[in-house]
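Asks: Quick one: the structure is below, questions incoming.
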Amino acid sequence: MRKAFLNLTKGAMILGTIATLSVSSIYAQDIEVLTGDKLEKMEQDNKQKEKVLVIDVRSAEEYQAGHVKHAINIPLDEFEASLDRLEAYKDFPIITTCNSGKKSSEAAQILLDNGFKDVKNSEGVKEFDYTLYTFESILPDELIKIVEEGNAVIFDAREAKDFEKSALPGAINVSADEPEKALEHVPEDKDALIVTYCYSGNRSAVIAEFLEKEGYTNVKNSLDGTKENDQLPLEEK
């Protein structure tokens, strides 16, 4: 190998040097890679998942086919344009993921280059046997936009006593202990937009997962709930 390298032409050596410098500049910082086992345990633990934001940078189609439980989706080709949506998470632990770790490594570097303090990459969904989900996790800005548009069935998975005080406009209260009750309120159209929320995204994820298994294809769960975001437009009752 060394002998072959020494026999390279001067021009090829220069090109190789430029390529090496380019790669070094793109991946200048060492990015820790979280094992799939650790990420899986974190996402399946309702308390631990509150301590990180997981971003799946694959295409929307790949994400919808199955993703790590609470991961939000920001495709890599939209990543830099979407950084303003992540401004509140600059000091919050972020984990990026994709199929193989390559695209998520690029996304992690973009975050670090833009002042995000605690960023890790992770084993991809084709490298580790994650439990995959098809309901979408969304940030508060998207939830607020959906509420304003008024074309979704919204389920509130909080306790009845809190729902009776205030809730998102048009929301229907369904307990995570009885997710089947949601079937009484969903349309026949399996592609209808359905949104779930609660205090922190855990109870509502139970309903979202149930509806996903019932064949509903456009279910979105709010990653942050009423205890984590005071900007949600709750209406007093």
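Mapping of the sequence shown onto the UniProt record's numbering: residues 1 to 237, in sequence order. Glycine included, every Cβ here is placed at the ideal spot set by N, Cα and C.
Can the beta-carbon of Ser122 be found less than 9 angstroms from the beta-carbon of Ile95?
Replies: Yes.
Asks: For Lys102 and Gln109, what's the separation of their Cα atoms in angstroms?
Replies: Answer to the nearest angstrom: the Cα atoms are 11 angstroms apart.
Asks: Would you kindly work out how many angstroms separate the C-alpha atoms of Glu188 and Asp113, rounded to a whole number?
Replies: Their Cα atoms are separated by approximately 46 angstroms.
Asks: Tell me the residue span of the beta strand (DSSP E) that contains Lys220.
Replies: Looking at the DSSP string, the run of the beta strand (DSSP E) that includes Lys220 is 219-222.
Asks: Buried or exposed: Ser105, going by 16 or more other Cβ atoms within 10 Å of its Cβ?
Replies: Buried, since its Cβ has 16 or more Cβ neighbours within 10 Å.
Asks: Is Asn202 helix, strand or coil by DSSP?
Replies: Correct three-state label for Asn202: helix.
Asks: Glu40 and Tyr130 look like a contact to me (Cβ under 8 angstroms); what is the Cβ gap, rounded to whole Å?
Replies: Correct: roughly 6 angstroms between the Cβ atoms.
Asks: Compute the Euclidean distance between the alpha carbons of Lys220 and Val195, then round it to the nearest angstrom.
Replies: For Lys220 and Val195, the distance between alpha carbons rounds to 5 angstroms.
Asks: Checking 9 angstroms against the spacing of the C-beta atoms, do Asp224 and Leu86 come in under that value?
Replies: Contact flag unset, no.
Asks: Considering only residues of the same chain and omitting the five flanking positions on each side of Asn218, which have a CB-CB separation below 7 angstroms?
Replies: Result list for Asn218: Asp191, Ala192, Leu193, Ile194, in chain order.
Asks: What residues are listed by DSSP as bridge partners for Thr96?
Replies: According to DSSP, Thr96 bridges with Ile55.
Asks: Can you say whether Leu183 is buried or exposed, counting buried as having 16 or more other CB atoms within 10 angstroms of its CB?
Replies: So Leu183 ends up on the exposed side.
Asks: Straight-line CA distance for Ser25 to Ala107?
Replies: Model confidence at Ser25 stands at a pLDDT of 33, short of 50, so the residue's coordinates are unreliable; what they give is reported in the following sentence. In a straight line, the C-alpha of Ser25 is about 14 angstroms away from that of Ala107.
Asks: Which whole runs of the alpha helix (DSSP H) in the UniProt domain "Rhodanese" (148-236) are 4 residues long or more, in chain order?
Replies: Fully enclosed alpha helix (DSSP H) runs of 4 or longer: 160-163, 202-213.
Asks: Mind listing, in chain order, the continuous alpha helix (DSSP H) runs of no fewer than 4 residues lying wholly within the stretch 89-146?
Replies: For the stretch 89-146, whole alpha helix (DSSP H) runs of length 4 or above, ordered along the chain, are 102-113.
Asks: What's the call for Ser100, buried or exposed, on a 16-neighbour Cβ count within 10 Å?
Replies: Label assigned to Ser100: exposed.
Asks: State whether the stretch 78-93 contacts the stretch 31-48, with contact taken as three or more CB pairs (one from each stretch) at a distance under 8 angstroms.
Replies: Contact fails: fewer than three Cβ-Cβ distances are below 8 angstroms.
Asks: So, using beta-carbon positions, are Val54 and His70 closer together than 9 angstroms?
Replies: Yes, the pair counts as a contact, with Cβ atoms nearer than the cut-off.
Asks: Could you tell me the alpha carbon to alpha carbon distance between Glu197 and Thr97, rounded to whole angstroms?
Replies: Inspection of the sequence shows that residue 197 is occupied by Tyr rather than by Glu. Near 24 angstroms, if we compare the C-alpha coordinates of Thr97 and Tyr197.
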